[in-house]
Amino acid sequence: MFSSFSYFLFPLFCTVIVSLLVCCQHLQDAQPNRILLVTIHHLLYPITVEVLHQVFSPHGFVEKIVTFQKSAGFQALIQYQSRQSAVSAINALQGRNIYDGCCQLDIQFSNLTELQVNYNNERSRDFTNPSLPSEQKGRSSQSGYGDGGGMYALQPPGARPVAFPQVGLPQLCTELHPGCLVLRWALLPTSLMLIFVHMLIHLCSVTACGCLLHTSSDMHNILVDCKAGFISSTRKYYSVWNSSRADSIAAAFGGGLPPGISGTNDRCTVLVSNLNPDEIDEDKLFNLFSLYGNIVRIKLLRSKPDHALVQMGDGFQAELAVHFLKGAMLFGKRLEVNFSKYPNITPAPDTHDYSNSNLNRFNRNAAKNYRYCCSPTKMIHVSTLPQDITEEEIVTHLEKHGSIVNTKLFEANGKKQALVLFETEEQATEALVCKHASLIDGSTIRISFSQLQAI
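Taking mature numbering (1 follows the signal peptide of the UniProt record, and there is no 0), I'd label the letters of the sequence shown as residues -24 to -1, 1 to 431.
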């Protein structure tokens, strides 16, 4: 088994390195521009035009700012009066945090030549034209930048994609062994850096290192040198990044992590045991574990029907799941939840992949979802309900899972929601795992635990 895995491992390793080198070679010929594209990672606090202006104006006169939401996250376009100011800003601010431990700046040069600003408000501002009107309530601001194709749709024909800051290809390499070049991770743009870090950590896990012993001696020596001279610094970066991320999430918990949560775990996969094999399936496990992070894959172990592996989005989310779900009651069984010895779940026909599921709860408003993480409670919160639903219909939908003590139907932000109090935590947990993402009159409902003690 080790031998066959090793033959797969080394080509994959080389492919990753070569792909990133080629990618960076294509990116390096982009020209500096007076307009910057700013992506903000680990967004835990609102970022407005005023905040961005305070951050970027010390480096030159800022003419225009436009903010928008895209798949990459919260982004902004910053237009300076001169290209020199933009270069100064990117050199000074790239990788910095706006707030302590969060709101990290990832800055690139845009190849737009001029920003069009229609309104002066908290999402867009033309500092050269203060007479612009404010946006009418309910109307989308600067829709051309943020929707369906957004910024790239505004680029002139033949324009190249927005590129990362200029970094020469020789700077991106460091020789660790004759004939073996490895990317120097510290000089990579953030978007490539995280991909590279995660791949290297995965490839140089304990299992992978064991597999390397079965390769040829020369190849083994090369990879051992890579591990000795490079992976330690990579792991150090990952630890620092993970710690910073934990600090960011701590802010969502009110300034500190929950007792028992370290925020430094890097194992993404958890082993769940003592399941009820007659009642459980992958979707029910997804409904429960997705309360604590995005789910990548779930695998029920056929050789041990009461065991399952759940791969979370990252180590912090896995730590939350272990902390909050260990000992929880479900279908008459007390769950055992522990970190798995396997770093991830290998895709297979008997493995369910949820990486692209729109039911993952942490794709948006991650900080808000972290704030609501808790152990199972007797109270569940039901949202995205039909507007004309009644309490009786809610009770009918959920009562098969236990005795309902009380319900409350209310409206928030123009949407119907409900609180349902069960007699026991186990009943509430069963209702959640069975009815989250179920349909009521065509609406896909969402269920989570509520920390309220009474209705």
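Note that the Cβ used here is the ideal one computed from N, Cα and C, for glycine as well.
Check your understanding: Distance, Cα to Cα, R72 vs L12?
Key -> Position 96 of the sequence shown, counting from 1, holds the residue named residue 72. Position 36 of the sequence shown, counting from 1, holds the residue named residue 12. Approximately 15 Å, taken between the alpha carbons.
Check your understanding: Between N9 and the rest of its own chain, which residues show a CB-CB distance below 7 Å, the 5 nearest in sequence each way excluded?
Key -> The residue you call residue 9 lines up with position 33 of the sequence shown. Here the set comprises R59, A62, F85, S86 and N87.
Exercise for review: With DSSP as the reference, label S249 as helix, strand or coil.
Suggested key: Position 273 of the sequence shown, counted from the start, is the residue given in the question as residue 249. The answer is strand: DSSP assigns S249 an E or B state.
Check your understanding: Any idea if R340 is buried or exposed, counting beta-carbon neighbours within 10 angstroms, 16 or more meaning buried?
Key -> As a position in the sequence shown, residue 340 is number 364, starting the count at 1. In summary, R340 is exposed, with fewer than 16 beta-carbon neighbours lying within 10 Å of its beta-carbon over all protein chains present.
Check your understanding: If you draw a straight line from the C-alpha of L428 to the C-alpha of Y348, how long is it?
Key -> Residue mapping note: residue 428 aligns to position 452 of the sequence shown, counting from 1. Residue mapping note: residue 348 aligns to position 372 of the sequence shown, counting from 1. Cα to Cα, the separation comes out at about 11 Å.
Exercise for review: Give a yes or no on whether the C-beta atoms belonging to R101 and V93 are separated by under 8 Å.
Suggested key: The residue you call residue 101 lines up with position 125 of the sequence shown. The residue you call residue 93 lines up with position 117 of the sequence shown. Result yes, Cβ atoms of R101 and V93 sit closer than 8 Å.
**Study point:** Reference I321; option with closest CA among Y95, L91 and I274
**Key:** The residue labelled residue 321 in the question sits at position 345 within the sequence shown. Checking every option, the nearest Cα to that of I321 belongs to I274.
**Study point:** Bridge partner(s) assigned by DSSP for L415
**Key:** The sequence position of residue 415 within the sequence shown is 439, counting from 1. T420.
Point to revise | Exposure of E151, with buried meaning 16 or more beta-carbon neighbours within 10 Å | key: Locating residue 151 in the sequence shown gives position 175, counting from the first residue. Low local confidence applies: a pLDDT of 33 at E151 is under 50, so the model's placement there is unreliable, and no value is given.
Point to revise | Simplified DSSP state of Y75, which is helix, strand or coil | key: For the purposes of this step, residue 75 is taken as residue 99 along the sequence shown, with counting starting at 1. The three-state reading of DSSP puts Y75 in strand, counting E and B together.
Check your understanding: Is R310 helix, strand or coil by DSSP?
Key -> Position 334 of the sequence shown, counting from 1, holds the residue named residue 310. Residue state, collapsed to three classes: strand.
Check your understanding: Taking C-alpha atoms, which residue in L361, P325, I356 and H283 lies nearest to G418?
Key -> In the sequence shown, the residue the question calls residue 418 occupies position 442. Nearest to G418 by alpha-carbon distance, out of L361, P325, I356 and H283, is L361.
**Study point:** Beta-carbon proximity of T245 to Y318, cut-off 8 Å
**Key:** By one-based count along the sequence shown, residue 245 stands at place 269. By one-based count along the sequence shown, residue 318 stands at place 342. Yes, the Cβ-Cβ distance between T245 and Y318 is below 8 Å.
Review point. Any idea which residues DSSP pairs K46 with across the strands?
Key: As a working mapping, residue 46 is identified with position 70 in the sequence shown. G49.
Review point. Rounded to a whole number of angstroms, what is the C-alpha to C-alpha distance between P323 and V272?
Key: The sequence position of residue 323 within the sequence shown is 347, counting from 1. The sequence position of residue 272 within the sequence shown is 296, counting from 1. Roughly 10 Å between the two C-alpha positions.
Review point. Buried or exposed: C187, going by 16 or more other Cβ atoms within 10 Å of its Cβ?
Key: Residue numbering aside, residue 187 sits at position 211 when the sequence shown is read from its first letter. With a pLDDT of 33 at C187, under the threshold of 50, the modelled position of this residue cannot be trusted; read the value that follows with caution. Flag for C187 reads buried.
**Study point:** Beta-carbon proximity check, I66 vs L28, cutoff 8 Å
**Key:** Walking along the sequence shown from the start, residue 66 turns up at place 90. Walking along the sequence shown from the start, residue 28 turns up at place 52. For I66 and L28, no; Cβs fall outside 8 Å.
Review point. Shorter than 8 Å from the beta carbon of L277 to some beta carbon of chain D?
Key: Here there is only one protein chain, and chain D is not present.
Point to revise | Inter-residue Cα distance where the pair is E402 and L306 | key: To locate residue 402, count along the sequence shown from 1; it is residue 426. To locate residue 306, count along the sequence shown from 1; it is residue 330. One C-alpha to the other measures close to 6 Å.
Practice item. Report back the beta-carbon spacing between S426 and L395 to the nearest angstrom; my notes put them in contact at under 8 Å. Key: For the purposes of this step, residue 426 is identified with residue 450 of the sequence shown, where counting begins at 1. For the purposes of this step, residue 395 is identified with residue 419 of the sequence shown, where counting begins at 1. The pair is a contact, with the Cβ atoms about 6 Å apart (cut-off 8 Å).
Review point. DSSP state of K376, grouped into three classes?
Key: Against the sequence shown, residue 376 aligns to sequence position 400. Three-state DSSP puts K376 in a helix.
Review point. Starting from L276 and walking both ways along the beta strand (DSSP E), at which residues does that stretch end?
Key: Along the sequence shown, one-based indexing puts residue 276 at 300. It spans I271 to L276 - the beta strand (DSSP E) in which L276 sits, taken as one unbroken run.
Point to revise | Inter-residue spacing [alpha-carbon to alpha-carbon] between L311 and L277 | key: Against the sequence shown, residue 311 aligns to sequence position 335. Against the sequence shown, residue 277 aligns to sequence position 301. Their backbone Cα atoms lie some 15 Å apart in a straight line.
Exercise for review: For L264, I'd like the list of residues in its chain whose CB is within less than 6 Å of its CB, leaving aside the five on either flank, ordered along the chain.
Suggested key: Residue mapping note: residue 264 aligns to position 288 of the sequence shown, counting from 1. Only V409 meet the Cβ criterion.
Review point. Beta-carbon separation of A404 and T372 under 8 Å?
Key: Along the sequence shown, one-based indexing puts residue 404 at 428. Along the sequence shown, one-based indexing puts residue 372 at 396. Taking 8 Å as the Cβ cut-off, A404 and T372 do not qualify as a contacting pair.
**Study point:** DSSP beta-bridge partners of E26
**Key:** To locate residue 26, count along the sequence shown from 1; it is residue 50. In DSSP, E26 forms no bridge with anything.
Point to revise | Start and end residues, beta strand (DSSP E) containing F265 | key: In the sequence shown, counting from the first residue as 1, residue 265 sits at position 289. Premise fails: F265 lies in the alpha helix (DSSP H), E258 to F265, not in any beta strand (DSSP E).
Review point. Rounded to whole angstroms, how far is the Cβ of K384 from the Cβ of I431, which I believe are closer than 8 Å?
Key: The sequence position of residue 384 within the sequence shown is 408, counting from 1. The sequence position of residue 431 within the sequence shown is 455, counting from 1. Between I431 and K384 the Cβ distance is about 5 Å, and since that is below 8 Å, they are a contact.
**Study point:** C-alpha distance - L415 paired with T104, whole-angstrom precision
**Key:** For the purposes of this step, residue 415 is identified with residue 439 of the sequence shown, where counting begins at 1. For the purposes of this step, residue 104 is identified with residue 128 of the sequence shown, where counting begins at 1. The straight-line gap from Cα to Cα measures roughly 51 Å.
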